[in-house]
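**Q** Each position in the sequence shown, counted from 1, maps to that position plus 16 in the numbering used here.
Just dropping this structure here.
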Amino acid sequence: MQGEGKKLTQIVAALSATFGALSLGLALSWSSPALPHIVDCFPEAHEDAYCDFNLSTQAGSWIGALLTIGALVSSFVTGFLMSKIGRKWTMIGMAIPSVIGWALLTMTQPLEWGYAWIFYVGRILTGFGGGAFSLASPIYISEIAEPSIRGALGSLMQLQVTFGVFWNNGLGALIAWPILTGVCIIFPIIMAVLMFFMPESPYFLLLKGKNTQAAKALQWLRGKDYDIDTELEEIKQSQREQENIGSVSPWEILTTGVYLKPTMIMLGLMFFQQFSGINGVLFNLTDIFIKANSGIEAELGATIVALVQFLATGIAVLIVERFGRKTLLIVSDALMCISIIALGIFFYFDENKSCDISSEDVTSQPIDCDPNGFDPDMVTSLGWLPLVSLIVYVFAFSIGYGPIPWMMNGEIFSLEAKGFGSSLATAFNWLCAFLVSKFTVDIQAGIQPSGSYFMYGAICAIGTVFVIFLVPETKGKSADEMKEYYMGNKKARKSIDSKINDSL
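This is how it looks when you write it as structure tokens:
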């Protein structure tokens, strides 16, 4: 029977694959509930048995940031493995370093001796596995899903990542962080077990000449009553066309205008995504609320913000095709600019509040308090501002600058440049994520937390201008149309400009 195939089996396969993305979300957010208990510990905020480790701020910044180094290395290794052993077995194999990494993070004994190296290794390994899932899962889903549900199933990855962030912050408020870490071990194992029973990508099997296995896999995915012959032939035709097109060298991509332009745009989007400060915020949500001392329980504030991120990602799935990529990027960056500056204003007031001259307890006064500073009661009355600012900030990121650069990474390049161009942009994104997550504490030590948030706000403002003047709309455009656009084809430019106007 021709037409559309069975949906349930495709959904099951996609959900199985995205359990790896859930593991990535857990890895990204683990430092939020864990680090406040082991780095520059705040006993007044954490009166529990796990506030007896006191690693240095620098050790904490390495623990947070090394995840991105693991993911950066993984972006190169995963591409090679997928082409050799397939999408399915790459994901199953990458569960091994992920599980080992989580296991190392449960070992608290070295922390009692002041040694953080075992956590460094653990974070690198969880990043290595998580980075692999972020690359392999979308490719697997795009190759097993029918066009009618490909977009919805593709969005599951980002939803799973944000659910992982919510899970860690929510559960981290209820249980001790070593137990939470132990729970995280389960998810890559679940992914590996589920994927063992899922079929390999029919596209990959055909690429390797395994026609019988490809037919069997596609039949399982589409249902026993579906006539797979036409779709198999379409996949083969697509592969033949790709072979005819070939690929271009990295040198050509970096020196030829038609390839260099989209490459620089993608690198710009990845830069502004990360230097908006998002990982500096998500890695340290709980710590931000502790330092704000705004009267909001730190774990509760972090959980609310993580929940908003999860819900906003779901909203983004519904609106991205309605409003287009460019419009949402502009709105997203503008709101992020306003909200992160608002957070900076609160911290600026808090950092420069006056001494409480009515207090007889001199020892309770901040060492560097300013007798002529801001009224402490006024600062206290703004205790709601960090939570509201972060809710707006994370919501804005999740409907625009969170998912859309990754979406455009697969849309903006012509077919012959997509392999290297997309890989370069992915690696650059992880490099930027490392720089932000590692050096946020150094920046804050130099210019105070308020200064770092003002800096991120300025970058968001520049990013908004960048999108307005340099980023084209890719919604509904083919790879060939995008190539013609960069070649200066007036008809292609007019078509893309009309797409932008329609989305406004």
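Ideal Cβ positions, reconstructed from N, Cα and C, are used throughout, including at glycine.
If you draw a straight line from the alpha carbon of D496 to that of S90, how long is it in whole angstroms?
**A** If you take the alpha carbons of D496 and S90, they lie about 30 Å apart.
**Q** Distance check for M110 and A148, CA to CA, integer angstroms please.
**A** Annotation: A148 to M110 spans about 7 Å, alpha carbon to alpha carbon.
**Q** CA-CA distance, T343 and D349?
**A** Looking at the two C-alpha atoms, the distance is approximately 10 Å.
**Q** Just tell me which of C476, T178, G360 and I54 has its CA closest to the CA of A318.
**A** T178
**Q** If you reduce the DSSP assignment to three classes, tell me which class L151 lands in.
**A** helix
**Q** What's the gap between the Cα of H62 and the Cα of I191?
**A** In this prediction, H62 has a pLDDT of 46, which is less than 50 and means its spatial position is unreliable; what the coordinates show is noted afterwards. Distance between the alpha carbons of H62 and I191 is about 12 Å.
**Q** Should M133 go down as buried or exposed, given a rule of 16 or more other Cβ atoms within 10 Å for buried?
**A** One detail in the question is off: residue 133 reads as Trp in this sequence, not Met. Result: exposed.
**Q** With distances taken between CB atoms, is the gap from M424 to L285 smaller than 8 Å?
**A** yes
**Q** Should Y242 be labelled buried (16 or more other beta-carbon atoms within 10 Å of its own) or exposed?
**A** buried
**Q** Nearest CA to the CA of T84: which residue from T73, A29, N260 and G146?
**A** G146
**Q** My parser needs the alpha helix (DSSP H) runs of 4 or more residues fully inside the stretch 321-408; what are they?
**A** 341-367 and 392-397
**Q** Return yes when the Cβ of C353 is within less than 8 Å of the Cβ of A477, no when it is not.
**A** yes
**Q** Just confirm the distance between the C-beta atoms of G102 and F220, as a whole number of angstroms; I'd bet it's less than 8 Å.
**A** Rounded, the Cβ-Cβ distance is 5 Å, consistent with contact.
**Q** At the level of alpha carbons, what is the spacing between E60 and F305?
**A** Residue placement at E60 is poorly supported in this model, since its pLDDT is 47, which falls under 50; the coordinates still yield a value, given next. Roughly 13 Å between the two C-alpha positions.
**Q** Count the other C-beta atoms from every protein chain shown that fall within 10 angstroms of the C-beta of Y131, then say buried if there are 16 or more, exposed otherwise.
**A** Only exposed fits Y131, as fewer than 16 other CB atoms lie within 10 angstroms of its CB.
**Q** Starting from M107, trace the alpha helix (DSSP H) both ways and give me its first and last residue.
**A** R103 to L121
**Q** Quick one: give me the first and last residue of the alpha helix (DSSP H) that L440 is part of.
**A** L431 to L486
**Q** Under the three-state reduction of DSSP, which class applies to V55: helix, strand or coil?
**A** strand
**Q** Nearest to G399 by CA position, among S114, F363 and L447, is which residue?
**A** F363
**Q** Check whether the Cβ atoms of F390 and S370 sit closer than 8 Å, and answer yes or no.
**A** Yes, the Cβ-Cβ distance between F390 and S370 is below 8 Å.
**Q** From E268 to I157, what distance separates their C-alpha atoms?
**A** 30 Å
**Q** Is the beta carbon of F291 sitting closer than 8 Å to the one on G80?
**A** no
**Q** Measuring CA to CA, which of I165, I484, S397 and P218 is closest to G311?
**A** S397
**Q** Using the three-state DSSP reduction, which class does A65 fall into: helix, strand or coil?
**A** Legend: pLDDT at A65 = 42, less than 50; position of this residue unreliable, value from coordinates given subsequently. Residue state, collapsed to three classes: coil.
**Q** Helix, strand or coil: which one does DSSP assign to L71?
**A** L71 sits in a strand when the DSSP states are folded into three classes.
**Q** G479 and F288 - do their beta-carbons sit closer together than 8 Å?
**A** Cβ atoms of F288 and G479: closer than 8 Å.
**Q** For W193, which residues in the same chain have their Cβ closer than 7 Å to its Cβ, ignoring the five residues on either side in sequence?
**A** P49, A50, H53 and Y66
**Q** With a threshold of 8 Å on Cβ separation, who are the neighbours of L276 within its own chain once the five nearest residues in sequence on each side are excluded?
**A** I269 and L270
**Q** Check whether the stretch 468-476 and the stretch 321-335 are in contact - that is, three or more C-beta pairs closer than 8 Å.
**A** no
**Q** Could you check if A416 is buried or exposed, using at least 16 other CB atoms within 10 Å of its CB as the buried criterion?
**A** Correcting the residue identity first, residue 416 is Gly in this sequence and not Ala. Its Cβ being crowded by 16 or more others within 10 Å, G416 is buried.
**Q** Where does P163 land, buried or exposed, given buried means 16+ other C-beta within 10 angstroms?
**A** exposed
**Q** Looking at the structure shown, is G426 part of a helix, part of a strand, or coil, going by DSSP?
**A** coil
**Q** Please tell me whether R139 and G86 are closer than 8 Å, where the distance is taken between their beta carbons.
**A** yes
**Q** Please list the terminal residues of the continuous alpha helix (DSSP H) segment that includes I206.
**A** I202 to F212
**Q** Determine the DSSP secondary structure at G284, reduced to helix, strand or coil.
**A** helix
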